[in-house]
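Reviewing the structure listed below.
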Amino acid sequence: MKKKILILLLVGLISTFNVYGFSESDSKESNMIENILLIGLDGTNDKNPKRSDTMIILTIDKLNKSLKLTSLARDTLVKIPGRGEEKLTHAYAYGKEELLIQTINENFDLDIKEYAVVNFKSFIDIVDIIGGVDIDVGEKEIDHLNEVIKSCYGISNDDITNIEYIANSGKHNLNGYQALAYARIRKLDTIYKRDERQREILTNIAYKLSNVSISKYPQIAKSILRHVKVNIAFNKIIDLAFTAHQLASYDISQLEFPVSKYREEGRIGENGAYVVKWNKNKNIELLHQFIYSN
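Mapping of the sequence shown onto this note's numbering: residues -19 to 274, in sequence order.
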């Protein structure tokens, strides 16, 4: 909840990471559809295992000429290998990228292999590298946003005497600290609305990069990758970035998973932990339709 959208930005920026999903029988279509797991960590470094507060599947669909973003709700109740039923966000803390990807693949019938990981500080740096993000801040969001901005400035800047707050609603070019705060708003509404804000930032980045000359992509990618942990070859990142550059001119489709019609919120365990329960068959069917169909 507190540290989430980091990875979103990162990935949107490069729009480059490859993951293969679905089944062997769909290999022909899968060659045209690239999926990447974007992971945003709950903290300022990735040395010690922590929760993955942001989990988004970025789909680069060359078959249907579209970019797609699927937010995986952090509190989704899943079976974590070796741990039993727990929140999806806990998988990373137990086994980092490998266990998180295994958990997602086994619970959602996918075959993800590649990922990109960022933390708080990485997110701030990446947003600043691209010159900020343009976000339309709502009147109801201002007070909550400013409450979080101060703590975000303290993450990598000891001087918090010149904090830039948001004075009014409307469109703003948010710097790294402000964008992180926007992504971390948590007391205003629902967990799903928070995911929506994160996708809004990522979408803004994708559109912004679509207006950048392709010749500048290698330089931008190298700058960003210094702040990101990925298991994808650089040449593949550049190839996918070129494809995403073209597709960003189309509408970017979005999905919140589990979908609202087939999920319910509840409590489990001795401490009554909050979780999102979901209808497996219906949700997986809709997830696969979204990723692999027009």
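Don't be surprised by glycine CBs; every beta carbon is placed ideally from N, CA and C.
- [ ] Check S273 in the structure and name its three-state DSSP category.
- [x] coil
Open item on the list: Can you list, in chain order, the residues of its chain with a C-beta nearer than 6 Å to that of K262? Leave out the 5 residues immediately preceding and following it.
Closed with: Spatial neighbours of K262 in its own chain (CB-CB distance under 6 Å, excluding positions within 5 residues in sequence) are listed in chain order as Y242.
Open item on the list: Can you tell me whether T83 is helix, strand or coil according to DSSP?
Closed with: Looking at T83 - three-state DSSP - the assignment turns out to be helix.
TODO: Buried or exposed for E77, please, with buried defined as at least 16 other CB atoms from any protein chain shown within 10 angstroms of its CB.
DONE: buried
Task: Terminal residues of the beta strand (DSSP E) in which R179 lies - done: Looking at the DSSP string, R179 is not in any beta strand (DSSP E); the run it does join, the alpha helix (DSSP H), is I171 to S190.
TODO: Using a threshold of 7 Å, state whether the C-beta atoms of I19 and Y95 are closer than that.
DONE: yes
Open item on the list: Is the separation between the beta-carbon of E244 and that of K257 shorter than 7 Å?
Closed with: yes
- [ ] Less than 8 Å between the CB atoms is what I'm expecting for F69 and D33, so what's the real figure, rounded?
- [x] Note on identity: in this sequence residue 69 is Thr, with Phe being the wrong assignment. Indeed they touch by this definition, with Cβ atoms about 6 Å apart.
TODO: Check the C-beta distance from R177 over to A163 and give it rounded, since I have them as a contact under 8 Å.
DONE: Between R177 and A163 a beta carbon distance of about 6 Å is seen, short of the 8 Å cut, so the two are scored as contacting.
Task: Collapsed DSSP secondary structure at A224 in the structure displayed - done: A224 falls in the helix class under three-state DSSP.
- [ ] Grab the span of the alpha helix (DSSP H) containing I200 for me, first residue to last.
- [x] Y197 to L205
Open item on the list: Using only the alpha-carbon positions, how far apart do V255 and Y172 sit?
Closed with: Distance between the alpha carbons of V255 and Y172: 13 Å.
- [ ] Going by CA-CA distance only, name the one from K120, E86 and E127 that's closest to I150.
- [x] Position check: residue 150 holds Gly in this sequence, whereas Ile was assumed. The residue with the shortest Cα to Cα distance from G150 is K120.
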